[in-house]
Each structure stands twice: as C-alpha cells, then as structure tokens.
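Participant: Numbering (the working numbering), first residue to last: 1 to 309. Each residue gets a CB set at the ideal place from its N, CA and C atoms; glycine is no exception. Would you mind keeping the following structure in view while I ask a few things?
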Ligand SMILES: [Zn+2]
C-alpha cells in the first residue's frame with residue numbers, strides 16, 4: 001500500500017453505525033477558571049437532578065477528498081475509491097452551554113496537506129453561532145494533526161475554555177521520542193503538540209486518566225487503538241445516549257463491520273474499544289471521524305454544519 005496521507009482516510013459513504021460509552025474520572029492538572037469537577041464529584045452533585053439533553057452537530061472544515069476505501073476500512077478495498085471529510089463537533093445544551101470536540105487542523109497544515117475546501121474550524125463554528133462566552137470545555141479526542149492542529153486558534157477564540165486530553169495521549173505525543181519516527185510522525189503536527197505540551201500545569205489543560213465524567217449527561221471514555229489515548233464522548237440526547245467517536249472508526253461501516261481504519265497503533269486495544277463504544281449507544285447514534293454522511297445525510301443548519309441528533 002504505499003504511504004498514505006493521513007487525511008487519506010476515505011470514506012465510503014455507507015451505512016450507519018452507532019454506539020455509546022460511559023465515563024468516570026481522574027486527574028486534573030489544574031484548578032481553573034471555571035472550577036473543574038473533581039473526579040466523580042459531579043456525579044454526586046447531580047444526584048436527583050434530571051440529566052440534561054444535548055444536541056450534537058458536525059462541522060465540516062475540509063473535504064470531500066478521495067482515497068482508497070482500504071484506508072478507512074482495514075485492508076479491504078484497495079481498488080475502490082471513497083470520499084471523506086474533516087470535522088469538528090459541537091455538543092450544545094438548551095441552556096446554551098457548548099462543549100466542543102476537537103479543533104480541526106491549522107490553516108498552515110490544511111494548505112500543506114492540500115485539504116480541499118478547507119475553512120478554519122473556528123469560522124465554521126461561528127456560522128452556527130458558537131461564541132466565546134458559551135464555551136467552557138473543549139475535548140481533544142486524540143492528538144492527530146487533523147484533530148488538535150488548530151488548538152492555538154481555539155485557545156484565543158475561546159479564552160474561558162479548558163482543554164481535556166487523555167494523560168496517555170499527552171505522554172506519548174509530548175514526551176515519547178518515538179512520535180518523531182517517520183511512520184508515526186506523519187500523523188501528528190509537532191507545532192500543535194508543542195502548544196499542548198506547553199499548557200501542562202496551566203488551568204487551560206486537564207489531563208484525564210481513563211473514563212471521566214465531564215458534565216451532567218456528558219462523559220469521556222478512553223478508547224485506545226487508533227492512538228494510545230483516544231477518547232470518545234458519550235452524550236445524553238433526546239434520542240438517548242449518543243457517541244461522538246472521532247477516529248475510533250473513520251466511517252459508519254467501521255462499527256457495523258467491526259473493521260477499523262489502517263491507522264492503527266494497537267489493534268487488540270482497538271478491537272476492545274469497539275466493544276466498549278458499541279455498548280454505550282445504538283449503532284445509528286455512534287458517529288465516526290470522517291464519514292461524508294455526517295455532512296450529506298443529516299439536516300443542514302448552516303453552511304458545513306449538520307445536526308446529527
Ligand atoms: Zn486520527
């Protein structure tokens with residue numbers, strides 16, 4: 001297979017899958033502007049209160065691009081082309097509180113990697129009315145270039161926000177020299193990794209250790225495999241639990257066919273993560289990282305923005 005662009009994932013438009021996840025907690029690295037919930041404390045505080053419902057939006061900041069299907073569905077379909085998009089996600093409560101998931105890539109990386117129809121994710125968020133005052137939390141699902149690359153812009157655009165990164169992801173990307181080796185380095189953005197590394201010890205960064213209760217009705221789950229510390233977000237919605245799965249699977253078919261993408265750091269862990277994620281929500285409410293259907297198959301609320309649930 002030759003070397004693939006990381007953005008090469010493809011997508012094959014296909015069916016839909018779903019799943020969910022759960023959460024818990026652990027270490028935080030700082031006390032913060034808005035006080036961060038102590039691990040587990042939020043659950044106790046919420047006892048007896050109704051669980052809020054959220055809406056989930058996909059915001060396309062790049063694509064469509066075309067790659068071989070085998071890139072996004074493990075080693076199957078090397079002779080078939082498929083499309084894929086680049087996204088960030090928005091979890092919005094009726095109260096207006098907004099949780100962002102991932103930052104997208106930087107304009108420089110978007111240009112260097114020739115991402116088609118690239119728009120800064122901050123600008124896409126503005127189209128649906130996301131403002132600085134409404135964002136206190138940004139979840140980084142993993143530190144690949146197309147998911148954390150625009151963090152510098154997010155730090156400025158959302159000055160009240162804390163960024164939630166798994167400790168394992170942080171340690172690998174910031175401290176492990178292996179991340180600089182060619183087959184792995186191609187998937188990361190060293191400038192963005194440095195920005196995250198420099199946040200250590202500040203109130204802007206929360207290093208999460210495993211499953212974590214982020215807010216009433218919103219939980220993070222460690223789901224390694226694609227990277228060592230990928231995390232997914234389980235959200236309570238009007239349809240019940242839904243999961244923003246990011247690259248745990250690149251396309252809906254990945255969950256339906258039990259088949260991850262070719263971008264693998266730990267295949268056994270990835271398979272375990274599939275089981276974990278799929279136990280958390282119905283397949284049609286588990287959203288993958290790059291499937292064009294998230295843009296093409298759901299109600300459009302603004303240019304590039306669709307309501308998933
Ligand atoms: Zn990825």
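Quick check: does the Cβ of residue 170 come within less than 7 Å of any heavy atom belonging to ligand 1?
Facilitator: Not under cutoff, so the answer is no.
Participant: Would you mind reading off the limits of the beta strand (DSSP E) that contains residue 101?
Facilitator: 98-101
Participant: How would you label residue 143, buried or exposed, when you count the other beta carbons within 10 angstroms and need 16 or more for buried?
Facilitator: buried
Participant: At which residues does the beta strand (DSSP E) containing residue 205 begin and terminate?
Facilitator: 205-208
Participant: Taking Cβ to Cβ, would you say residue 82 is nearer than 8 Å to residue 118?
Facilitator: No, Cβ-Cβ distance for residue 82 and residue 118 is not below 8 Å.
Participant: For residue 122 versus residue 157, is the C-beta spacing smaller than 8 Å?
Facilitator: yes
Participant: Pick helix, strand or coil for residue 256, following the three-state DSSP scheme.
Facilitator: Shown here, residue 256 sits in a helix according to DSSP, grouped into three states.
Participant: Measure the CB-CB distance between residue 277 and residue 54 and report whether it falls below 8 Å.
Facilitator: no
Participant: Excluding five sequence neighbours on each side, which residues of the same chain lie with their C-beta closer than 7 Å to the C-beta of residue 33?
Facilitator: Low confidence applies here, because residue 33 scores a pLDDT of 40, under 50, leaving its location unreliable and the question unanswered by this model.
Participant: If you measure from each residue's Cβ to the nearest non-hydrogen atom of ligand 1, which ones come out under 5 Å, in chain order?
Facilitator: 144 and 247
Participant: On a Cα-Cα basis, can you pick out the residue from 162, 132, 186 and 182 that is closest to residue 146?
Facilitator: 186
Participant: Three Cβ pairs or more, each shorter than 8 Å: is that satisfied between the segment 73-81 and the segment 164-176?
Facilitator: Because the criterion of three Cβ pairs below 8 Å is not met, the segment 73-81 and the segment 164-176 do not touch.
Participant: Measure how close the beta-carbons of residue 214 and residue 220 come, nearest whole angstrom, since I'm counting them as under 8 Å.
Facilitator: 5 Å
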